[in-house]
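Engineer: A single structure is presented below for examination.
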Amino acid sequence: MANVYSVLSMSSVATVLMAGNVQAQSIPPEGPVSVIFTATPIPAPKPMPIGIGREFALVNQARAISSSVSRLR
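Mapped onto my numbering, the consecutive letters of the sequence shown carry residue numbers 116 to 188.
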C-alpha cells in the first residue's frame, strides 16, 4: 500500500512540474480594447413548488464574449 501512495505522490509532483510550461496570451499594456457581450435566453423549465405559496423558478442564459484587441505600433 505504501508503494501505491509513493507512486501517486511522485506522479502528482511530476504533473505539477510539467504544468509550468503553460503560457497564456499576453495582454497589451495600453490601447483600445473592444468587447462584445451577447446572451441568448434558454427556455426555462416549469417552476417547481417548494412550499405553500412559494415556487422555485430558473432563468438561464447562454453568454458569449468576443473581443478584439488593437495594438498601435
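Backbone N, C-alpha and C fix where the C-beta goes; we use that ideal spot for every residue, glycine too.
Quick caveat: nothing in here was measured; it's all calculated off a predicted structure.
#1: Could you tell me whether the Cβ atoms of Ile157 and Ala177 are closer together than 8 Å?
#2: In the DSSP output, which residue or residues are listed as bridge partners for Gly168?
#3: Give me the Cα-Cα distance between Ile165 and Thr153, rounded to the nearest whole angstrom.
#4: So Arg149 is in the beta strand (DSSP E); what residue range does that whole segment cover?
Structural biologist: So, from the data block:
#1: yes
#2: Its beta-bridge partners do not exist; DSSP assigns none.
#3: 32 Å
#4: With the sequence shown as reference, residue 149 is identified as Ser, and Arg is not the correct amino acid for it. Looking at the DSSP string, the run of the beta strand (DSSP E) that includes Ser149 is 148-157.
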